[in-house]
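So the sequence lines, in the order shown, correspond to chains A and B.
The numbering of the first sequence is the working numbering, which starts it at 1 and goes up by one.
The numbering of the second sequence is the working numbering, which starts it at 687 and goes up by one.
Built from N, CA and C at the ideal position, the CB exists for glycine as well.
Structure first, commentary second.
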Amino acid sequence: MTGALPGTAAGRGREPPAPVARLLGQLRALDRACSPGHHGRWSARRRAELVDRCLRELFDAAGPPPGVALAALGGYGRGELAPASDLDLLIVHRGRAEDLRSLAERLLYPLWDAGFSVGHALRTPDECLAFAAGRLDAATSMLDARFLAGDLLVFDEAHRLVRGWLREDPRGFAARLVEDAREREERAGATSRVLEPDLKEGRGGLRDLHALTWVARVAFDGDLGALVGFGLLRDREREALEDAWEFLTRARSAIHLETGRRSDRLLLELQPAVAGAMGFVDEPGLTGPDGLMRAVFEHARQVEHVGGAVLDRFLAGDQLVVGAEVEPTPAGVLRALADLAAGSAPPAPGFLDAVERADVPDPVPWDDEVREAFLRLLRAGEGAAAALDALDRMGLLVRFLPEWAPVRCRPQRDPYHRSPVDVHLLDTLAGAARLLEDEDEDDPVVREARRLVPDRDGLLLGALFHDAGKVGLGGHVAAGVRQARSALDRMGLPPASRDLALFLVEHHLLLSDTATRRDLEDDDLVLDVAARVGDQGRLAALYLLTVADARATGPAAWTPWRRTLVRELVAKVQHVLERGEMGPELAERLAPGTVDAGFRAALARAATPAMRRVLSGLAPSGAQRPERLSALERLMWAATPLEHLRRLAEMAWPLSAVGSARGVVRLYAERFFRLVRRRVGWRGPE
Amino acid sequence: MKLVVAVIKPHKLDEVKEALRDVGVQGLTTSDVEGFGRQRGHTEVYRGAEYQVDFVPKVKVEVLVDDADAQGVVDAITKAARTGKIGDGKIWVLPVEQVVRIRTGERGPDAL
């Protein structure tokens, strides 16, 4: 059934009865009463009240027989009507449904004619119970049922039957809600992550909030306040839920008003209008629509997490991790989370309270203790991502890492990424940890590469920061290196970890981009990549990051197609580095003091044809382009000991005078000497 | 009308795209594909890990053209995609019964 804003359907040549005409006027006034982005829960309640009044008058005017009640179900029953929501009605009776058909028609025709989307059911109390027992959505709809008019006793009977049945097994009911949330996530995706989120059905959407109120009603005969009272919901969490509820209701209403239809998906094409209506304007590094999406993700993430935690706590009973004492310092917080990350049980509310109460200054001054605790947390592998996520939801992660702030909840608008930047970073961290450990990994190259990674902390930190430069200002790799350097330097890491992490951030696209766009049969290209990577350990770490990054990006990013190409490049680069062609191992064999002739001969044997031409002073063919020679320059620069580099420079010096001023050899020689000057300060023969 | 289908090396896509633009091709469809021809698969070695590559990654390019333009398009792709080494790929040409531009309903050569 497609919803529609009332009053928009073409009239059917009949004047609506007075209560409906009045309702239409009142609803139009309500829609105009505030901007389309500010119809929150108050507006939804008000809309329901206006409809209530109309329905009561219609019901009374229709002349109901005794023993019949009219009730509101679902969202309308909760008193929450978005502008284009359906009106779900229930007529409870004790007799035969056929006798009430004409009553239903007298009640509903004026609403249908006026363009309302109305659903209705005619049921006896026993039928209500049977339906609720058969379907979860029928049961929850009855939980929200609200008496409108007629015989209160018959309504109460139906309501009590269903509630009584649900109360026989509140845990079983909660377990079905957990299952339902999982199915909804499969169907509608996660409101906290996808670029076109479903604000109602998605994970972290309004339905998750409703689920909490149902649990509260069935288990404690109360609302969210009861969950707080019984220790399942923390005060801070309740505030976050209420804020999210208001925000998501406003956004959903804005979609209804913008489209004129009952549509809960915040499609890309609607985002500029909804952002404008809700007051999100362009800021440096963050467009209005991105600001809107960041807020949606932020709220939905709270709902997803808190909702899940409340149900976990309810289902776990007293099996929760209370946690040893949380030492109230930054290092203590990290150590407590590292303990948590190493286990699998959910944290008790008291544990999170203790973490939140800890004295964590903003920003945290890093010392040895904080760094060791952070690294221990990081090494917990997949649990580390979840622990950092929890730290972030408490607002503490940015105190440890101010560089995290600009990537939080930032949407990524490209065809590959399915998550906001910070979620992608944590997913990549978890993925990299898995690649280092997982016994079932089916990629043989991963299994080999993990043994070569020189510094696991460096790989994990590289994964954590690889996209840290996605801050809305373009050129994310260079910006990422700056962001990562500032964070890593503050941590005071050992140089090995720091340097590997920075290398990974700087080159995290190298393998993937090169493999898919360049000719892997070009020896110069392979040498160039080898020169940039430098050694086998870094190559291994870079491959693992490439895999973790792609797997965390989305299903389209790590296809067998891409994997085959990347692995081919890795294998070729590995061969170069193993054989030491032009690399440190060859250089090692050429001990200082080697005669020029020997050095030259060894180099010439290992060199590519282009390099050989240069060395022998022959003019290269016309097809040879200077920019391709730069690969060799970089290689020699990166991989050759200074002494040899100097000898090479001396040897190649005469070449700088060869041929015309624009000749390839000469261009090459000039650029080569610029590099050498920077590296060894050699300025040519005295 | 003809459908020209080419399977080429991935890194040649940009050059093929350029070459087709130079001969006046307005639109094309590409997909990442895997397969093998006479070169079959091969074995790759990364340190101790030896693994079989059964299917070689290629890019498939499809172009709809008028009969008269087909040969020019084939020539342009051949020239741009050739490296002279094994695995350069293949081009084949199919007759096309009907083409419809969905937006306007135009049919036949008008829809190209």
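>> Please report the distance separating the alpha-carbon of glycine 713 of chain B from that of valine 693 of chain B.
In response: Numbered from its first residue, the second sequence carries residue 713 of chain B at position 27. Numbered from its first residue, the second sequence carries residue 693 of chain B at position 7. Spanning the two alpha carbons is a distance of roughly 17 Å.
> Quick one: is isoleucine 763 of chain B buried, meaning 16 or more other Cβ sit within 10 Å of its Cβ, or exposed?
Replying inline: Taking the second sequence and counting its residues from 1, the one referred to as residue 763 of chain B is at position 77. Label assigned to isoleucine 763 of chain B: buried.
> Listing by chain order, which chain A residues have their CB less than 8 Å from the CB of alanine 735 of chain B?
Replying inline: For the purposes of this step, residue 735 of chain B is taken as the residue at position 49 of the second sequence. For alanine 735 of chain B, the chain A residues whose C-beta falls within less than 8 Å of its own C-beta are Pro444, Val445, Arg447, Glu448, listed in chain order.
> Hey, glycine 727 of chain B and phenylalanine 741 of chain B are a contact pair by Cβ (cut 8 Å); roughly how many whole angstroms apart?
Replying inline: Taking the second sequence and counting its residues from 1, one reaches residue 727 of chain B at position 41. Taking the second sequence and counting its residues from 1, one reaches residue 741 of chain B at position 55. Taking C-beta atoms under 8 Å as the contact rule, glycine 727 of chain B and phenylalanine 741 of chain B qualify, at a distance of about 7 Å.
>> Taking the straight line between their C-alpha atoms, what separation do you get for proline 812 of chain B and valine 702 of chain B?
In response: Because chain B here runs from 687 to 798, residue 812 of chain B falls outside it and cannot be looked at.
>> Considering only DSSP beta bridges, list what proline 289 of chain A is partnered with.
In response: Position 289 of the first sequence, counting from 1, holds the residue named residue 289 of chain A. When beta bridges are read from the DSSP output, proline 289 of chain A appears opposite no residue.
> Among residues of its own chain, excluding the 5 on either side of glycine 119 of chain A, which ones have a beta-carbon nearer than 6 Å to its beta-carbon?
Replying inline: Translated into positions along the first sequence, residue 119 of chain A becomes position 119. Taken in chain order, the residues that qualify are Asp86, Asp88.
>> To the nearest angstrom, how far is the alpha carbon of leucine 375 of chain A from that of lysine 746 of chain B?
In response: Position 375 of the first sequence holds residue 375 of chain A. Position 60 of the second sequence holds residue 746 of chain B. Taking the Cα positions, leucine 375 of chain A is about 46 Å away from lysine 746 of chain B.
> Under a Cβ-count criterion, where at least 16 other Cβ atoms within 10 Å of its own Cβ denotes burial, should glutamine 698 of chain B be classed as buried or exposed?
Replying inline: On the second sequence, residue 698 of chain B is found 12 positions in, with the first residue counted as 1. In the sequence as presented, glutamine is not what sits at residue 698 of chain B; that position holds lysine. Buried, by the Cβ-count rule.
>> With H, G and I counted as helix, E and B as strand and the rest as coil, what does DSSP make of arginine 789 of chain B?
In response: For the purposes of this step, residue 789 of chain B is identified with residue 103 of the second sequence, where counting begins at 1. Arginine 789 of chain B: coil per DSSP, three-state reduction.
> Does the Cβ-Cβ distance between arginine 78 of chain A and threonine 249 of chain A come in under 8 Å?
Replying inline: Reading the first sequence from its first residue, position 78 is the one you call residue 78 of chain A. Reading the first sequence from its first residue, position 249 is the one you call residue 249 of chain A. The answer is no: Cβ separation not under 8 Å.
> In terms of residue numbering, what span does the alpha helix (DSSP H) encompassing tyrosine 76 of chain A cover?
Replying inline: The sequence position of residue 76 of chain A within the first sequence is 76, counting from 1. Here the alpha helix (DSSP H) through tyrosine 76 of chain A covers 74 to 77.
> Alpha carbon to alpha carbon, how far is arginine 634 of chain A from arginine 532 of chain A?
Replying inline: The count along the first sequence starts at 1 and reaches residue 634 of chain A at position 634. The count along the first sequence starts at 1 and reaches residue 532 of chain A at position 532. Note that arginine 634 of chain A scores 44 on pLDDT, short of 50, meaning its location in the model is unreliable; the coordinates nonetheless yield the value given after this. Roughly 7 Å separates the two Cα atoms.
> Which chain B residues are close to glutamate 568 of chain A, counting only those with a beta carbon under 8 Å from its beta carbon?
Replying inline: Taking the first sequence and counting its residues from 1, one reaches residue 568 of chain A at position 568. Chain B residues near glutamate 568 of chain A: Glu730, Val739.
>> Quick check on the DSSP output: what are the complete alpha helix (DSSP H) runs of length 4 or more inside the segment 418 to 479 of chain A, in order along the chain?
In response: Complete alpha helix (DSSP H) runs here, min 4: 421 to 437, 444 to 452, 456 to 465.
> With 16 other CB atoms within 10 Å as the buried threshold, where does proline 347 of chain A fall?
Replying inline: Mapped onto the first sequence, residue 347 of chain A falls at position 347. Flag for proline 347 of chain A reads buried.
> Which two residues bound the contiguous alpha helix (DSSP H) that contains proline 763 of chain B?
Replying inline: For this step, residue 763 of chain B is matched to residue 77 along the second sequence. Note that residue 763 of chain B corresponds to isoleucine in the displayed sequence, not to proline. Where isoleucine 763 of chain B is concerned, the enclosing alpha helix (DSSP H) stretches over 756 to 767.
> phenylalanine 280 of chain A and leucine 268 of chain A: beta carbons closer than 8 Å?
Replying inline: Looking up residue 280 of chain A in the first sequence gives position 280. Looking up residue 268 of chain A in the first sequence gives position 268. Their beta carbons are not under 8 Å apart, which means phenylalanine 280 of chain A does not touch leucine 268 of chain A by this criterion.
> At a CB-CB cut-off below 8 Å, which residues of chain B make contact with glutamate 521 of chain A?
Replying inline: In the first sequence, counting from the first residue as 1, residue 521 of chain A sits at position 521. Result: Thr769, Lys771.
> Which stretch, first to last residue, makes up the beta strand (DSSP E) that contains glutamine 738 of chain B?
Replying inline: Taking the first residue of the second sequence as 1, we reach residue 738 of chain B at position 52. Where glutamine 738 of chain B is concerned, the enclosing beta strand (DSSP E) stretches over 735 to 739.
>> Three Cβ pairs or more, each shorter than 8 Å: is that satisfied between the segment 301 to 309 of chain A and the segment 202 to 222 of chain A?
In response: The segment 301 to 309 of chain A is in contact with the segment 202 to 222 of chain A.
>> If we define contact as Cβ-Cβ less than 8 Å, is glutamate 720 of chain B a contact residue for chain A?
In response: On the second sequence, position 34 is the one that residue 720 of chain B refers to. Taking Cβ atoms only, chain A reaches closer than 8 Å to glutamate 720 of chain B, which makes this a yes.
>> Taking 8 Å as the cut-off, does the segment 305 to 317 of chain A touch the segment 222 to 232 of chain A (at least 3 CB pairs, one atom from each stretch)?
In response: With a cut-off of 8 Å, the segment 305 to 317 of chain A and the segment 222 to 232 of chain A count as touching, because enough Cβ pairs lie within range.
> Looking only at DSSP bridge pairs, what is phenylalanine 147 of chain A linked to?
Replying inline: Locating residue 147 of chain A in the first sequence gives position 147, where the first residue counts as 1. Answer is A/Ala71.
>> With distance defined between alpha-carbon atoms, name the residue in A/Ala405, A/Leu460, A/Pro64, A/Ala158 nearest to glutamate 382 of chain A.
In response: Indexing the first sequence from 1 puts residue 382 of chain A at position 382. Measuring from the Cα of glutamate 382 of chain A, the nearest candidate turns out to be A/Leu460.
>> Going by the DSSP bridge assignment, what does histidine 120 of chain A pair with across the sheet?
In response: To locate residue 120 of chain A, count along the first sequence from 1; it is residue 120. Paired residue(s): A/Leu89.
>> What would DSSP say about glycine 95 of chain A, mapped onto helix, strand or coil?
In response: In the first sequence, residue 95 of chain A corresponds to position 95, counting from 1. DSSP places glycine 95 of chain A in the coil class of the three-state scheme, outside both helix and strand.
> If leucine 377 of chain A sits next to alanine 387 of chain A, beta carbons under 8 Å apart, how far is it from one beta carbon to the other, in whole angstroms?
Replying inline: The residue you call residue 377 of chain A lines up with position 377 of the first sequence. The residue you call residue 387 of chain A lines up with position 387 of the first sequence. Yes, leucine 377 of chain A and alanine 387 of chain A are in contact; Cβ-Cβ is about 6 Å, under 8 Å.
>> Can you find the residues in the same chain that come closer than 7 Å, C-beta to C-beta, to alanine 405 of chain A, ignoring five residues on each side of it along the sequence?
In response: Taking the first sequence and counting its residues from 1, the one referred to as residue 405 of chain A is at position 405. Taken in chain order, the residues that qualify are Val398.
> Smallest Cα separation from threonine 546 of chain A: which of A/Ala479, A/Leu525, A/Pro361, A/Glu506?
Replying inline: As a working note, residue 546 of chain A is residue 546 in the first sequence. Closest by alpha carbon: A/Glu506.
> What residues from chain A crowd round proline 696 of chain B, counting only those whose CB sits closer than 8 Å?
Replying inline: The residue labelled residue 696 of chain B in the question sits at position 10 within the second sequence. Contacts between proline 696 of chain B and chain A, judged by CB atoms closer than 8 Å, involve Thr516, Arg517, Leu565 in chain order.
>> So valine 526 of chain A and valine 566 of chain A are supposed to be a Cβ contact under 8 Å. How far apart are they, rounded?
In response: Position 526 of the first sequence, counted from the first residue, corresponds to residue 526 of chain A. Position 566 of the first sequence, counted from the first residue, corresponds to residue 566 of chain A. About 13 Å; that fails the 8 Å criterion.
>> Against chain B, does threonine 546 of chain A count as a neighbour if the rule is that its beta carbon must be under 8 Å from one of theirs?
In response: Counting from one through the first sequence, the residue named residue 546 of chain A turns up at place 546. By this cut-off, threonine 546 of chain A is not an interface position.
> Got a sec, what are the start and stop residues for the beta strand (DSSP E) threonine 716 of chain B sits in?
Replying inline: Position 30 of the second sequence, counted from the start, is the residue given in the question as residue 716 of chain B. Taken as a continuous stretch (DSSP letters only), the beta strand (DSSP E) holding threonine 716 of chain B covers 715 to 721.
>> Excluding the 5 residues flanking alanine 548 of chain A on each side, which residues of the same chain have their C-beta closer than 7 Å to its C-beta?
In response: What you label residue 548 of chain A is simply residue 548 of the first sequence in a count that begins at 1. Sequence-distant partners of alanine 548 of chain A (beyond 5 residues in either direction) whose C-beta falls short of 7 Å from its own C-beta, in its chain, are Thr428, Gly431, Ala432, Leu435, Ala463.
> On the premise that valine 782 of chain B lies in contact with methionine 687 of chain B, defined as a C-beta separation below 8 Å, what is that separation, rounded to the nearest angstrom?
Replying inline: Looking up residue 687 of chain B in the second sequence gives position 1. Looking up residue 782 of chain B in the second sequence gives position 96. Contact holds; Cβ gap of about 4 Å.
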